[in-house]
Every structure is written in C-alpha cells, then in structure tokens.
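Residue numbers (the working numbering), protein chains in the order written: chain R, 36 to 144; chain B, 594 to 1081; chain H, 65 to 527; chain Y, -16 to 148; chain G, 870 to 1507. For glycine and all other residues, C-beta sits at the position ideal for the given N, C-alpha and C. All values reported here derive from a predicted model rather than from experimental measurement.
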C-alpha cells in the first residue's frame, strides 16, 4: 500500500480530531478528540514503521521497529494522561456541575 | 587612579549614606564626600598630569573583550570638574531644603554622581553604557519620590523615553562591537572600525536618538520641561547642569569618531533639527509663566546650539561646545539656585505672581540678572566664549552645505534669547511688588556665598578662557581628526 | 544520569514522607536537603563523578550544556524551596505530594536537558507536564485553580498531539528518532521534514508559551496557586527552552537559515503580545504571567540566532530570569492583595522587601548592574551577530522599553504611592528577608560580573 | 485490487466516518461509542500491517480501558443526555473551516512528500510481533521504559492529590 | 615709543574699579563718597586720556596686548587695546563728557537714596568702561564686547527706575533692538574670520584685517560691510532700528545725555570710521549707508517737529543728527562724520543736560506745553541751552555749523540731491530746535502755581557742566574750519589722516570747488536762520498747545512706526509663541509622545481581548496561526 494513502488518512483523522476540539464544548468530548488525534499519529507511525521495514529489512531484520515501540509509549502516556485528565474533569464537575468549557471563563484578559 | 577615585568615592559614600538615618548627618556626610570628590577632580585637571594617574584599566569581561578601563582626556577632565564643582555647590545652595527621609535623598544624589562620573571617564563602550544607565536610575527615584504633584507620571515618561534611546544605542554599540577588528568594546577599537557608509548611516541614527533624547534636541525634548518642573531643584540642577551634557559628550566621544561618515551624511538633517530646536525653544520659552519651565525651554535652545556646532563638523565649533558644556552647566545651575531660592521663599514659581523683587531683595536680583545675562551669552561671561566659538564654527563650516542658513536662523536665537530673558527679568524683578513678594527677604549667607563663587567663575571664565581652551584642545583635535580620517 | 535517577528517587522518598510523617517542617526539611543533594550530585556529574553508569543506548547524552542548565534549574528550585516552601502549606494538605510532584518535574527537566532521542523528549515533556496539571489544579476548592488546570490540561494534550504528529513526520523521512540521525544529511527542508519541523515548532512554542501559542499561559499561571506559578513560570519555562534549543539545534541546526524567519516571526509576536498585554493588567500576578511570555520572546532570540553567544546567553538568561522571578513571586506570596494597589506603600512598611523587589524588577527590565541586563545583552548580541534579523532586534529593544513600563508600575506603587496604614502582607521572618537580600546580591553581582558564577564553577572542577 | 487493498479502503472509510460521527454526535455516549468503532478500525489497520501486538493493545488499552473510563465518567456525571447547549454557530463554522483548511494545507504540503511512492508493506514482516517488540523494549528501549514508570508514578500521585477529599 | 602709551590699560581700568567699588559698597558709601569715587575714576581716566592724546598727537600709536582672549588653532584673538588718533579722540570725548555728566548726576540724582545712588554711579562707571573697551579694542571682538557691554548698561540705565514697567519695557526694547544689530555685527566678525582668519585691525607684520583686505572678494566686502552696518543701525538708531532711542528717554536725563546722545549711539559711526577701508572698497554699501543716513535724518526731523516732550524732541534730533553722520560716512567724509560726532557730543550733551536742568526745576515735568517763560528763572540753563540750539542749527561760528556743513559739502560733491535733502533736514532741525527753545523759555509760564513757586536755577554741580559744554559747543568747531574759509585750518583732518590714509589712497572723497562750497554754506545758513526766526517768533507768542490734528498728528504719532512694528513683528511673534506653546508643543510634539504611550495602552486593551478565557477561541487562534505559518513556509516563495 502506498505510504501517501496512510499519510492522507492519518492527517484526515488528525484534522477531524482538531475540528472536534474546535467545535465542541464538552470537555470530555474535546478530550476524546485529542485521543483521536493521538490515534491518527499512532496509525501513521505504524505505517512509517512498515515503510522503513520494507526499505531496511535487507540489512536489519528489525528495521522500523522503533516506530511501533514509539506507539507503545504513546499509548502508555495516553493512559496516564487520561487518568489525570479525567480526574481534573471530575474535580471541575464537582465544583461547577458542568463540563462545558465555555463556563471556564473566570480567567481572561 | 583619579578616575577610579571619582567613581568609587561617591559610590561607596552613597551606599554608606543609606545607613546614616539622620538627615543632618547625611547632609554633612554627602557634602564632605562631594568636596573630596571635587578636590580629586581638581587634582585631576590641574595637578596630576602623568598619564598613569589619569588612567585605569582592569580586566572585566575578558570573554567579551570588555575591560574596566577609564581614561581622562581633556573633555573628561572638564566634565568631571564640572560634576565635581557642581555637587558641593548644589549641596550648599540647597542646604536649607529639607526632604522626607533625607538620608536617602543624599545617598541617591551621590550614586547619581557615580554614574555621571563613570559616563565621563569610561573608555570602554560597554562600561559607558553601563554608567549611562546607572546615572538614570537614581535620577528616576530622586524625581519620583521627592518631586512635585505630577512627579510619578512625568518622571516615568522621562525614564521610558530615555530608556528607549539608550536601548537603541545599545544595539548600535553591539553592532559596532561585532565589527571591531579585535572584537572588543575598547574605545580605541571602536575608533578603528571601518564601516561602509550605509551602515554608518543607520548607526548614526541609533546613536543620535539616544543622545538627542538625552540632550534633549527638538523634537525629543518633551520629557524635559515636565521633569525639570516636577523634580526637586537639587535634582533638576544635576539633570540640567550635568546630565544633559552626557548627550553632548556622547556625541563627541562615541558618535562622531565612530560613525563619521554617517555624521557627514546626516549632519545636515540633524543640524536642522538643532536649529529648529533653538528657535522653537526660545519661542516657547517666551510664553512660559513657570520659572522652571522657562529655564527648561531656554536650555533646549542652548543645547540645540551645541548640537548644531557638532553636526556641522568644525573644529572651533567643537572647541566651543567643550567650553559651553562647562559654561552652560555653571550658568544653569546658577539659574536653578535662584529659582529654588525664589520658590522656597514665596512657594510659587509663577512669574505672574512675583515681581518687584529688585526692591526687596537686591542681592538676589543682581545674581539673577548676572546669571541670566550669562545665559544669553553676554560678552565677558563664560557662555559668550562658547557661543562665539560655536557660531564661528557654524559659519565657517566646510562640511555642511547649509551653514550660512544655520548661522542666520540659529543667530535669531541670540535675539530671541534676549527677548525671553528680559521678559523674565522684568516680570520677576521689576515693577511693583505683588502681595507675595511684599515682604521678601534677601539672600542668606550660604546662598550668597555659592552664588558669588558662581558669578566669579562666570566672569573669570568669560574674561580668561585660555586655560579651558588649552585643557580641551587636544581632545578636540583628537575628535576632529577622527571625524575626517576614517574614510571608508 | 545522576540527576534523573536521584530526582526520581527523591520523588518516591517524598511520597513516603507524606505517608510516615505529618510534620510539615520535617517534610520541607527533607525536600530541601534532598534538593541540595540533587544539586550536588548534578554538580559532581559535571565534574566527572557519574554514580550510575547506565547504558542509555543513545537515548540521552549528558553534555556540559545540559548539566550546567540542570545545575541552574536545581539551584533555582532550591532557592525556590527555601523562599516559598512554607507557602506551599497554605495551598492544601498534600505537602509531601507537592514536593514529590516537583521532584518528578525536575526529573523531566533533567531528561529534556539531555535527550538525544525524540522519544525521550516526548517522555520528558510529559513527565514535566502531568505533574504540572496537577499542581495547577491543586487548590481544589478554588474554581480558578480548577479552571486553570482544565485549560492547561486540554491545551497541553492538544499540543502533545501536534508534537507527536511532528515527530512522526520526521520519523517518516529519517526512519529514526535520534536527533543526530535526523540531522545527518539534512541540507534542505523537504516538504515532510518542513511540516514536521513546523509542527514541532508549534508544540515547542506552546510549551515555552511563545505567541501565538501562549494562550494557556496567562490563565494557567493566574489560576494556579501562586506558589506553583512561581515554579512554572521560571524553572519549567526555561526547561522548555533548553528542550527547544536542543531539539532545533540537534535536528535542524544545519538548515537554520530556512526556519530562522519563522522563529523570528514567533519571537516578534511573542515580544509584542507579551509586552503589550502586560501593560494593561491590574493584577501583578497576571502581569507577571504576561511578562514571562515577554521574556520568552527574548529567549527565543537564542533560537533565532543559534550561535555560541546565544547558548551562553540562554544559560545566563535562565539564571537571571529565574532568580528574579522567583524572588518577585516569593514577595508576591506575602501579599494579601495581588493588584498593583496592593503594593502601595510597601517601601514604608517593608523596606527590605521593597528594595529587593526593586532589584528583581530592574533585573527583569534589563537595567545595567543587574543580571537581567546581561541576559538581554547576550540575546541582543547574539541576534545582532547573526545579522539577518535587525528588525527583530529593534522590535526587541522597543518592547524592552515597554516592559520597563509595567515593571516600574510595581516600583511606583511600592515607593511613590501612599499605602494603607495596617500591613497588607503576611508576616515575614528575618531568614526570609536575609535570603531575599542574598538573592538580590547575587543578581547584582551577576549584573556586574556576569561570569562570576560560571568562573566559580569552573574553578571548582577544571583547575 | 486484492483483498488487503479492499480491507484498507473499507477500514479507512469506517475510521473516517466514525471519527466524523464522534465529532458531530450530540450525545456524548454516542460519541464514545463511535470513537470505539474508530479504534476498532485503526486496530484493523494495525493487523493489516502485521502489527498484531499493537492492534491488540490498542483494543485493550484504548477501546477497552480508556473508553470505558470515559463512559464511566460520562455516566457518573449523568451527561448521557443531549445536554450540550448550542455553541455559537459562527464559532463552530470557523472551527470546521479552520480544521478543513489545515487539512487542505497539510495535504497540499505533503503532496510532494519525499517518501511518496514508497510502500508500507502489508501483511508481511515480524517486527510487529510481541517477541521482537519485547526484545527491543527491554534492551534498546529499557531507559524510556524505566522512565515511563516515573510518569506513572507522577500520574498516580496526581490522581491522589486531585482525588483526595 | 613713549612709556605713556603703555598706560592705556589704565583708561578702562579706572572706571572698572569705580564700578566695583560703587557697586559692591553701594549701601555703605555715602553719597558724597560715591560721587567722589565714581566721578574721580572717570576724571582719572580723562587725565590719562589727555596724556595719551598728547602722545598720539606726536604721531605715536601703540597696541597693547594684555592677554590671549580666545585663541584656537590659527585664530588668535588677543585682549588688546589700540591707541591711535581715532581712539584717542574718542577717549577724550567719552571720559571728558563722561566726567562732566558724572558731576552733573551727583546733583541731579540727589533725591535717590544711598543704595540706588551708588547703583546709578556703578552703572555709569560700567558704561564708561564698556564704551572705552569699544573704542580701545584692537580687534573687532573686543569692540564687540564693548558694543554689547554698552548695550547692557544702556538697558540697566533706561530701566534704572525699575518699579515702572513702562521704563522696563523701554529698556527691553533698547536691548533687543541692539541685539538685532549685534547679530549682524557678529556674523560680520565670523565672515572676517572665515575669509581672513583674523579680526585684528592691523598688525606689525601685516596680518590684520586692514592689511589683508585685498584678499576679500567683492561679495565678501559688500557682505561684511553691510552686516557691520546692520550692527551700526542698531546701536546708532538708524532706520529701521531707531525706535528704541526715543523710548530710551525713560532713563534719567544724565543717562540720555551721556549714552543716548554723546557716546554710545555714536559707536556705529566709530565702527564704520574704524573700518573705513572696507567701506571704501564697497561703494555699494556706502550708497546704502548714505541713503539710510539721509532718510533717517529727514524722517526723524519730521517727527521731532511735532513732539511736545522736551526729551523726545532731543531724542529725535539725535536720531536725525546720527543720520547726518552716516550720510557723511556714506559719501566718504569720514573725518566729517567723526567731527560731527565730536561737536554733536558737545551740543547734544549740553542740550540734554539743559533739559535735565529744566526738568529738575519743573519737578519732573517734561511736557513743553506746560513750561514757557523759563528764561528769566533759569538764566544759566537758558543761555547754555540757547547756545546748544544755535550750535545744532548750524549757525557759524558755533560748532555744529562746521561739522554739518563739511558733511553737506561732501554730499554735494557726491550727488547734489544729497545736499538738497540734507539742507532741508538742517532747516527742519533749526525749526524744531527753536520751536522747542521758544516754547520752553519764551512766552509765559504755563505750569502750576506750585511749580512756579519752586522754580529755581540748578545747583553748581549741574550748571558747571552746562557752562563747560556750552563753551565747547560754541568753540569746538574751530578745530575743523574748512579749507575753503581758512586754508590749512582743518586741524582734525590732519590729525586723523593716518586713520583714513588707506581709504584716501584708493578713493579720496572730493570736495566741491571752494566758491561752490561757500555758496552752499551761505544757502544752508540762510535757510537755518530763516527757520530760527520763524520758529522763534511763532512759538514765543503762541505756542502750540492743542493736540495736533491731520498730518501733524501723523508726525506727532511718529508715523505710526511703533504700531507698525507692533503689528508686523511683535504681535505675530507673540501669537506664534502662544500657538507653539499651547498647541504645537502640547498637542503635536508632546501629543505624539503621549500618543505613542496611549497607543500602547490602547493596543494593550484591544490585544488582551484575544485572551477571551474560552478554550475554543484559544485553540482556534492557535490553529489559525498554524495555518498562517504553514502558508508562510510552504506557499510564499521568497
């Protein structure tokens, strides 16, 4: 499969994630869209990993493996981030009974 | 050794001054310090002629090629002398003023002296910049704490304005630094730099702005009347008597020799600004009712002439500037002293509320008349020498195409200065007394003493200027030759 | 490696401290001593005493630049603990955890100052960020703190996404995450490299709060407990810069000409927005947030110029800026009212605080004879030496003048305005004052002999 | 067009479609469900590229753990109704336009990507196998692996700080 | 070389000492002591001057270099005094008449208290000092010092009664008008320096201005002489800068006599006479000088006809007479001009002092319409005043006749028109002087009873100077009897010959034939006599008491020149100053500076709105910036 298709696909997913961040007001959904962005990155990383594998396999049997390892770390970090992020959102909700980011405007100017 | 002492004495004394909480003691302490500084500066100009006494050079920032190097040439000597002489005079003349937390006032005054001395003796561009800014900070606090009603805003404007200028100068200094052959901030290296004409052009403007704001030249002057008006008079004396000379000094020491081609290229526009400033300052001075603003605008006119004399590039004109820097310092401090005396006695500076002082306080009147006349450069006063040489330089300039126009238009300021000065004298001294001045008292003995010394100085310099000319001649020659040697 | 391991261990130690003792002074003492130890082991690392000979497999590289920076960061943090440690108690009950989180952040800082793999950069930044989200939101019942945390978190994650996309694109071209590999053979910014570079530029700009990616900064700094703002605005911020410089010099140092303009634009925008917006602030804390943005604009000069002077200057800037800002925040923490009016007449009530605060503010404004002057001097010199970006230099100095405007407002309030009769600030100990004076003295000494500190370190190890 | 290509397009369409649904669903719970579908599609891509381990992990960690956590939070907050008030329409439009433009710009920028024409091998190679990945993870990548423990520690402490009453 | 000439520095030194003593100790010294010191110093100067004069008469001249004043590069301006024929003559006039007037003042100013009396004498001494510097200076710069110095003293003395704002204004006007002239002088000096590198008149080695004049181009010499003449018009009250002189009468009368009649105002003539060689080189300037001089002579005379203030009449008469001197200079009659300076000093000082005596007697009444019939009450004053009037009217053998007719004769030779106009002026002079005389001394007394009661002759200290001056005015002209009447009798011309030798070499000013000259004299004397008789008869009987009307009013109001200046120069300048101060300075210059500040705060207020507090907006802005930077990087080709 040609690599540019993966590139376009990943960028499209990535941008959908961005649009989600821009267009939604619910903090949780925004957060989900960010996760979508991360997944787009993961997908592209794996694709590149396979691409580099195809190029380098002759010299090195594990060529391209670092891309997949990176994905692994991204997942690790994402998990940690989610735990903290949701904790913050819950804390916020406890105080304001809302997850609408537009209510977050005490701090401005 | 001498330059180091000139910096260190006021610095140490000023820092210690913060520990003397009693105003009276602080006064005595700072007066003593300033007298010692004065003695050192007199020694420097009159007695110690060996170069090793007049130089100091210590490693400072080896990586940057900057050294803590100080040199006193004729120009430095004279301005150091002015600073040295002015301080005791100011302290004595304002002896009767009291300040809240006075010890801080005196300490800051001494710190400001450190900065001023440093500017005049630094022979390293970075060091120069350092002192240039250091002189400003105490001035800022002095004006803002002990000034008039609008002091905070006014001083702030002064500070920001000059700060902008200095930062632009810093850019120029760094630029030149990178183009010195040996990557050094030393003055000698700066003088060796050979920059192409176009570069010198914009470097000229960067330097020029810094100095023009400080001097101040039209149209960068608007901080000045406000600041002079709002500052405590002792500070105004330092500002107008000494600090504005920093700008002129800077032009002579750093602008002219470093970017001579730029100066040629843009000398005429710069000189035009000066000429406009001379006329403009004079005309606006005519309308002032507040004595401090009056002196401020007249000072703008006079400083404009100094700028003009430099920018038309003539050796005698520059010599005149040297003389005039000193003379103007003395005269304007004298004027401020009188203004301060008037304000302290009558609690007003408005000419319209004064009048008839000549009847009630003849000594004061005489002092004011003489100082004012010196200020308008009447012959046999010190300022005449300077103005004569400066105008002579302007007229005879070979560098400027418009020097005749500059002469004639600038010459009008001679007339206008007479107009506004006489107006002022008439409003303040002559006519009948006003309710305020009906019971005016004459000068006290310390005031008489300072003013008498000033007057003697004014006349002696005006009659026999030769020592001053001799003292600065070499410095002028050096500057002048640099302005012409460095053709790219 | 010393620093990374020890700081992580210290984090764990602090966690257990919280379990085993309820004595706040004890916890604080442990943290302070621990941090001192951290500084020492890091300094020893510089001297060649490596305690942990881990095979890092090309993931990290401990060069003198990074270690020097670590020393400054840890040293600043130590001063910060001394000055403001007591104030953390006022935020909430989890004192030990706060310290633990700060140690984890320091671990992250040690990583980003020595990474050679983009993976480590990513991890390091996340290790810095996640505790900061928490610290920002640590004042749980304060809505502003909540809000700040959520905003910071959402935008931080967003920028992480951007950064990962950038890293991915680089990987796509070069097939490796190692910065040396990425640098190799890069003589031209091909489209995908350029896109990766841009995305990394955006996300790193976000981390160092450079405009137009700075929006989180004022809100997060303003909302978080002041004691942590101090930490975030100083040590963490300059750590971001170290990462930024390492990344861009490491990966794209050879093609600097091709991205210089972009960074210059960002620097100009940062200077402009930071300074301009700070002018109109009513709260000193928020003003300091904007000022930190403005200072970031100057630090970006290092990236624009990217020469030796810039790197030296960056280290110096980090020290000068951190010292002054920590000092100001420490004083701010003693105030009940964070508006400018709150400072009115401070000079009369607390002359020491006012005087030291003045020195710090002068340093931030870049007035000679303070460390801040040299910081700006180096940055301007670097940019002027580069020669291509004189316009940026001029913008820089004009903005520096504007910055004087808002810094001096504080000075004006302290010295020239009449304040309330009764004290508006928390009691301070003489130790606190003494420390402030010491810091101010360092600021001034650095302002007169900028190489003093470095020379001392130098003498200690290399002679 | 062989089967893997068909699968690629199908999965891609599924991923994009469900991603769009994530964004446009009014109900948060629906968004979560659509996102899970997206993750499945992406896992499908992984498997297609012979990265089985990542495919599984993706399902377990993302679709399984993380999304459940999301769902849990949404339920906890009782947000399953379509409670979100209408955001300013213009702002929404601006968001969509901006995102769309970014997509266009990036696509345009990467049209001439230097890797163009290279192939990401589908269904071959064993680098995606757990054995190889594990070996690399505990040799070359041991440092980051250990470091990520610090990350988790800090997240843990953070959760404690935030969560403790 | 005689040693006496080395004493030249004593001449200005005495008055300087007098100034310092009377000035500093003015409160301590009693009035007699002040008088003795003040007058004594001038007397000492006079004695030295006489000694010098006798030496100079023997043909010795001397330049005394006291010290270097301004010396820079090749330019060297020594503080040097030059004693030669011209300066020694002026020394005599200045110190001689100066002494008399000091003496006179001691009595005239007796009403002042100690302090002010001392102040007055110190000013007078300072004036004498400055005037001596002016004439003794061996270069233009020293002359300029004296030049400005006398201006200052004039200012101080006009404003001597400083409580009166009007007087203050008059003083100011004098100083400022003088400064306008001074600027011209100053530029001329610079011009000389630029072209010749020196301002010294002459040196042994031929390095002075008068030695090197041939190096000057035509433009230079015209420019320099014109600028010097501008200086002269200021100091010597010529059109267009004459208006200060009548106002200067605000000062005490001895001041008017000394400064504004006898000495200072003749400085311009001295200067041009000193620079005669340059003027001879510039015939164009000479024509201008002659024209301006003649115009001033006529113009001032017309005004004098209708003035009723005794001092104003004399003031305009002074302006008019100065015009004659410039006419003389303009036609090349340098000796004649100097001669007229001398005779004018005698009779005009006399007239002013006489007027002072009258005013003194009338208790500071100056309006001649309120006088009349004073001849009997003030006999000495009357006689001396009459002598002065005859002298100024040009009736032989009184002094004015010789000097004025010498000038007119030379003018005739140059252009008969000059002569006719000059004679017309002379006739007017005779007319208004005798109008003044007749109204004041003839007829009946028109003052108040109280004034009448107190009328008395002035004390001896005032009358003695009058008598001395009357004698001089009567016989002083005899040193310049024209060749046409008695051959070889013009002593002055022979005496001054060395001064004008170079001019004469180039172009000797011609005199008409002897018989023509005699005819001219007859015409002018006849006209003057006719006018005298007409005025005497007319105003003795029926003095002009009403306010003038019609053209008379125009004359009485001085052709409205002051008003013209007021509207053309003063008012616009004030308006400009107000505009600059209240609008330009505040709104434009400061406005821009403050505007920058305001712009910053305004921008600040706007920019901070970006920080809307909404995450959505933040992200949107970030994305948009990303877009923009992408576009910059990828789609903008450099």
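Original post:
Taking Cβ positions only, does residue 238 of chain H come closer than 7 angstroms to chain Y?
Top reply: For residue 238 of chain H, the closest Cβ of chain Y is not nearer than 7 angstroms.
**OP:** With 7 angstroms as the threshold, decide whether the Cβ of residue 768 of chain B is near any Cβ in chain H.
**Re:** Judged by the 7 angstroms Cβ criterion, residue 768 of chain B is in contact with chain H.
Subject >> N-terminal and C-terminal residue of the beta strand (DSSP E) that residue 659 of chain B is part of >> reply: Under the DSSP assignment, residue 659 of chain B falls in the beta strand (DSSP E) whose first and last residues are 659 to 664.
Original post:
Around the C-beta of residue 1399 of chain G, are 16 or more other C-beta atoms found within 10 angstroms, so that it is buried, or is it exposed?
Top reply: Residue 1399 of chain G is exposed by the Cβ-count criterion.
Original post:
Can a CB atom of chain B be found closer than 7 angstroms to the CB of residue 206 of chain H?
Top reply: At a cut-off of 7 angstroms, the C-beta of residue 206 of chain H has no neighbouring C-beta in chain B.
**OP:** Compute the Euclidean distance between the alpha carbons of residue 205 of chain H and residue 88 of chain H, then round it to the nearest angstrom.
**Re:** Roughly 21 angstroms separates the two Cα atoms.
Original post:
Any C-beta of chain Y sitting closer than 7 angstroms to the C-beta of residue 1490 of chain G?
Top reply: Taking a beta-carbon distance threshold of 7 angstroms, residue 1490 of chain G does not count as an interface residue toward chain Y.
Original post:
Roughly how many whole angstroms lie between the Cα atoms of residue 1338 of chain G and residue 1219 of chain G?
Top reply: Straight-line Cα distance between these residues: approximately 6 angstroms.
**OP:** Could you give the DSSP three-state label for residue 615 of chain B: helix, strand or coil?
**Re:** DSSP, read as helix, strand or coil, puts residue 615 of chain B in coil.
**OP:** Can you tell me which of G:934, G:930, G:937 and G:984 puts its alpha carbon nearest to the alpha carbon of residue 901 of chain G?
**Re:** Closest by C-alpha distance to residue 901 of chain G, out of G:934, G:930, G:937 and G:984, is G:984.
Original post:
Using a Cβ-Cβ distance under 7 angstroms, would residue 1484 of chain G count as near chain R?
Top reply: Closer than 7 angstroms: yes.
**OP:** Would you mind sorting residue 220 of chain H into buried or exposed? The rule is 16 or more other CB atoms within 10 Å of its CB.
**Re:** Residue 220 of chain H should be labelled buried.
Original post:
If you follow the alpha helix (DSSP H) that residue 880 of chain B is part of, which residue opens it and which one closes it?
Top reply: Annotation: residue 880 of chain B is outside any alpha helix (DSSP H) and is labelled neither H nor E by DSSP.
Subject >> residue 719 of chain B versus residue 784 of chain B - alpha carbon distance >> reply: The alpha-carbon atoms of residue 719 of chain B and residue 784 of chain B are separated by roughly 14 angstroms.
Original post:
What is the rounded straight-line gap between the Cα of residue 1412 of chain G and the Cα of residue 1098 of chain G?
Top reply: Straight-line Cα distance between these residues: approximately 40 angstroms.
Subject >> Segment limits, beta strand (DSSP E) that includes residue 933 of chain G >> reply: Taken as a continuous stretch (DSSP letters only), the beta strand (DSSP E) holding residue 933 of chain G covers 931 to 941.
Original post:
Going by C-alpha distance, which of B:941, B:756, B:727 and B:1039 is nearest residue 1029 of chain B?
Top reply: Residue B:941 is the option with its Cα nearest to residue 1029 of chain B.
Original post:
What are the residues that DSSP puts in a beta bridge with residue 97 of chain Y?
Top reply: Beta-bridge pairing links residue 97 of chain Y to no other residue.
Original post:
Which of helix, strand or coil does DSSP assign to residue 748 of chain B?
Top reply: Correct three-state label for residue 748 of chain B: helix.
Original post:
Would residue 1498 of chain G count as contacting chain R if we go by Cβ distances under 7 angstroms?
Top reply: With 7 angstroms as the cut-off, residue 1498 of chain G does not count as an interface residue toward chain R.
Subject >> Other residues of its chain near residue 1028 of chain G: CB distance less than 7 angstroms, five sequence neighbours each side excluded >> reply: A distance below 7 angstroms between beta-carbons, with the five flanking residues on each side excluded, links residue 1028 of chain G to the following residues of its chain, in chain order: 1036, 1037 and 1040.
Original post:
Out of B:869, B:1063 and B:896, which has the shortest C-alpha to C-alpha gap to residue 939 of chain G?
Top reply: If we check each option's Cα against that of residue 939 of chain G, B:1063 comes out closest.
Original post:
Which term fits residue 1263 of chain G, buried or exposed, when burial requires 16 or more other beta carbons within 10 angstroms of its beta carbon?
Top reply: Label assigned to residue 1263 of chain G: buried.
Subject >> Contact set between residue 108 of chain R and chain Y, taken where Cβ atoms lie within less than 7 angstroms >> reply: Under the 7 angstroms cutoff, chain Y gives 127 and 131.
Subject >> Cutoff 7 angstroms: residue 168 of chain H Cβ touching any chain Y Cβ >> reply: At a cut-off of 7 angstroms between beta carbons, residue 168 of chain H contacts chain Y.
**OP:** Step through the CB atoms of chain Y and report whether any lies within less than 7 angstroms of the CB of residue 104 of chain R.
**Re:** Residue 104 of chain R has a beta carbon lying within less than 7 angstroms of a beta carbon in chain Y.
Subject >> Length of the line joining the Cα atoms of residue 935 of chain G and residue 879 of chain G >> reply: Rounded to the nearest angstrom, the two C-alpha atoms are 12 angstroms apart.
Subject >> Cβ shell of residue 1080 of chain B (< 8 angstroms), same chain only, five flanking positions each side left out >> reply: Annotation note: pLDDT 45 at residue 1080 of chain B (below 50); position unreliable, coordinate value reported separately. In chain order, 854 place their CB closer than 8 angstroms to the CB of residue 1080 of chain B, counting only its own chain and leaving out the 5 sequence neighbours on each side.
**OP:** Residues of the stretch 449 to 477 of chain H with a CB closer than 9 angstroms to any CB of chain B: list them in chain order, please.
**Re:** Of all residues in the stretch 449 to 477 of chain H, 449, 451, 454, 457, 458, 460, 461, 462, 464, 465, 466, 468, 469, 472, 473, 475 and 476 have a Cβ within less than 9 angstroms of some Cβ in chain B.
Original post:
In the DSSP assignment, what are the bridge partners of residue 943 of chain B?
Top reply: Per DSSP, the beta bridge partners of residue 943 of chain B are B:883.
Original post:
the stretch 132 to 143 of chain R: which residues have C-beta closer than 8 angstroms to a C-beta of chain G, in chain order?
Top reply: Taking 8 angstroms as the Cβ-Cβ cut-off against chain G, the residues of the stretch 132 to 143 of chain R that qualify are 136, 137, 139, 140, 141, 142 and 143.
**OP:** Would you kindly report the start and end of the unbroken beta strand (DSSP E) that includes residue 948 of chain G?
**Re:** Note, residue 948 of chain G: beta strand (DSSP E), 944 to 952.
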